[in-house]
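Notes for the one structure printed next.
There are 2 protein chains.
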Amino acid sequence: MRGITASRADGMTIGQISELTGVNIETIRYYEKIRLLPPPLRAANGRRIYGSTESRVLAFVRRSRELGFSLDEIRALLRLGGPGKASCREVRDIATLHLDDIRAKISDLRKLERLLAATIARCSGTTAPDCPVLDILDVQRRN
Amino acid sequence: MRGITASRADGMTIGQISELTGVNIETIRYYEKIRLLPPPLRAANGRRIYGSTESRVLAFVRRSRELGFSLDEIRALLRLGGPGKASCREVRDIATLHLDDIRAKISDLRKLERLLAATIARCSGTTAPDCPVLDILDVQRRN
DNA sequence: GCTACATCCTGTAGTCACTACAGGATCAAG
DNA sequence: CTTGATCCTGTAGTGACTACAGGATGTAGC
């Protein structure tokens, strides 16, 4: 008769949970230091011990980071997903704000891309004295 | 009889060149400290004095930063645009590498945007116990 | 001349999200 | 019993700034 949340992944070292979740060992300790993650159990020799719950949370954090959430946003998401009472609306609000951020960044980068690409296209590649790339950066060049 | 490179913008204080170029005062001093910019002349009282040449360079740096060039890339561009001998090919190479970076970032962000938007769309906004946003982040949630 | 206030100076520390060490303890295998 | 891997704590470095502390000037009004 196994525990309800038990899995094959209990009793891991920090190296094992790092392997399992793909999060760097130093990063895991860093997350603990800034209190993004609660301090785990310790073995008699002082080493950290992780279980399946910890690995689930850590995987969540990693996925959120990959999606570009800041650690503060993740902190909020963890609180909301925490002790029941998770309000889907609040989670959606955080995610929506983040989506707006992403869209603004994409729009900015696209403008940059067009400008830079057009400029480079005008570039002969020879050792011409006036370079269009330098020109576009240096508005006052032709003074 | 005025000097060849003289303009109305000579003999500025750091506050004035900051105003003119839109670069923060602290940032200008920071650029000097990391040797992105050469140390300017000083007045008898020790204050920095800038002229039109400095403001041209600083505007170039600002524009390059807006286009997302790193300070190291800008350092290289300044060297290339520096004492004549500017090879347009080298400038184009730096800009092209940077353009590749920008395109990769856009592509990454677009993937994120699609994933996040689709997830949020599945969100009812009610206080449903299983939130699609948390679900997609927390792969093992339904254990 | 005096008083305010703005502007300048240097130098240090904080931001974000890590990463990289230094210097030591402990463990597992041969 | 030695070697090498893994772990521990703590500090410092990254990029590109920003913010402040604490002090020295400059400028304007009275």
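If you read the protein sequences in the order shown, they are chains A and B. Last residue of the first sequence: 143 (my numbering), numbering continuous. Last residue of the second sequence: 1143 (my numbering), numbering continuous. Ideal Cβ positions, reconstructed from N, Cα and C, are used throughout, including at glycine.
Next on the checklist: Extract the residue ranges of the beta strand (DSSP E) inside the region 1030-1089 of chain B, only unbroken runs of 3 or more that lie entirely within it.
Outcome noted: none
Checklist entry - Relative to the alpha-carbon of Tyr50/A, which residue among Asp10/A, Leu134/A, Ile120/A has its alpha-carbon at the smallest distance? => result Asp10/A
Next on the checklist: Just to confirm the assignment, what range does the alpha helix (DSSP H) spanning Gly1015/B have?
Outcome noted: 1014-1021
Checklist entry - Mapping DSSP to helix, strand and coil, what is Asp1010/B? => result coil
Checklist entry - What's the call for Thr1005/B, buried or exposed, on a 16-neighbour Cβ count within 10 Å? => result Any reading at Thr1005/B is ruled out, since the residue's pLDDT is 42, under 50, leaving its predicted position unreliable.
Item to check | 7 Å Cβ cut-off: residues of chain A touching Gly1068/B | outcome: Leu112
Next on the checklist: What does the alpha-carbon distance come out to for the pair Gly46/A and Glu32/A?
Outcome noted: 15 Å
Item to check | Contact belief for Arg92/A with Ile1120/B at Cβ below 8 Å, rounded distance in angstroms | outcome: 6 Å
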